[in-house]
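In numbering that gives the first Met the number 0, the protein residues as written are 0 to 155.
Using N, Cα and C, we set each Cβ at its ideal position, and we do this for glycine too.
Just so we're clear, the structure is a prediction, and the values are computed from it rather than from any experiment.
Data first, discussion second: the structure below is written as structure tokens.
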Amino acid sequence: MESGTFLKSDNPKVPEAKFAFHHCLPVQMRFTDIDMLGHLNNNVYLSFMDLAKVNYFSDVLPEGMDWHSINAVVVHISCDFYSPSYFNESLEVWTTVTTVGEHSFKMEQRIVNSTTGQTKCVGTTIMAGFDPATAQGKAIDRHWVECVEKYEGRKL
């Protein structure tokens with residue numbers, strides 16, 4: 000699949016994507032990621048999504064991400080699972096920002112089989128502006144919003 004892809008699923012339970020996805024990160028499954036049932040443990044999906052978020056922010060900002068001055072934190076995360084993943088299955092995480100408010104933004108991520116396109120899960124993350132010096136909430140940085148809009152090719 001290529002950037003700007005509207006991810007579709009043959010599974011009617013998977014919600015239709017409202018926006019095209021421009022960011023894709025292939026992820027490598029480890030043997031220790033597999034649980035007693037022989038499939039990828041549910042917490043590993045969230046780790047894959049975290050890795051993809053880090054990669055997304057690094058790609059979106061032309062100056063790169065300064066990890067010593069984080070200005071947003073996760074305040075909510077949810078994940079709906081649709082199909083199990085098994086060892087040696089080729090997976091990738093697709094990431095987009097769906098909405099931006101004054102103090103928070105929402106991301107959608109989908110983990111899919113890169114060979115078949117089968118959706119494994121859909122995750123939603125809400126991140127809020129944060130000032131680490133004061134440990135208080137703050138508005139989302141406008142420069143960041145402009146960079147995301149340019150990357151996504153749409154107004155947020």
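{"Query": "Locate the beta strand (DSSP E) running through H102, then write down its first and last residues.", "Result": "Taken as a continuous stretch (DSSP letters only), H102 belongs to no beta strand (DSSP E), as it is neither H nor E."}
{"Query": "CA-CA distance, L6 and W93?", "Result": "9 Å"}
{"Query": "What is the C-beta distance between Y81 and K105, in whole angstroms, given that I count them as a contact (C-beta under 8 Å)?", "Result": "Contact flag wrong, Cβ pair sits at about 20 Å."}
{"Query": "For H142, count neighbouring C-beta atoms within 10 Å of its own C-beta (all shown protein chains included) and say buried if the count is 16 or more, exposed if not.", "Result": "exposed"}
{"Query": "Which residues in the same chain have their Cβ closer than 6 Å to the Cβ of M0, if we skip the five residues on either side of it in sequence?", "Result": "Caution applies to M0, whose pLDDT of 49 falls short of 50 and renders its modelled position unreliable; the value that the coordinates give is listed next. Same-chain partners within the cutoff: there are none."}
{"Query": "By the three-class DSSP mapping on this structure, what secondary structure does T31 have?", "Result": "helix"}
{"Query": "Once the 5 residues before and after P156 are set aside, which same chain residues still bring their CB inside 6 Å of it?", "Result": "For the chain, the structure presents residues 0 to 155; residue 156 sits outside this window and is missing."}
{"Query": "With distances taken between CB atoms, is the gap from V111 to P14 smaller than 8 Å?", "Result": "no"}
{"Query": "In the DSSP output, which residue or residues are listed as bridge partners for Y85?", "Result": "H38"}
{"Query": "Have a look at the DSSP bridge pairing and note the partners of I76.", "Result": "T124"}
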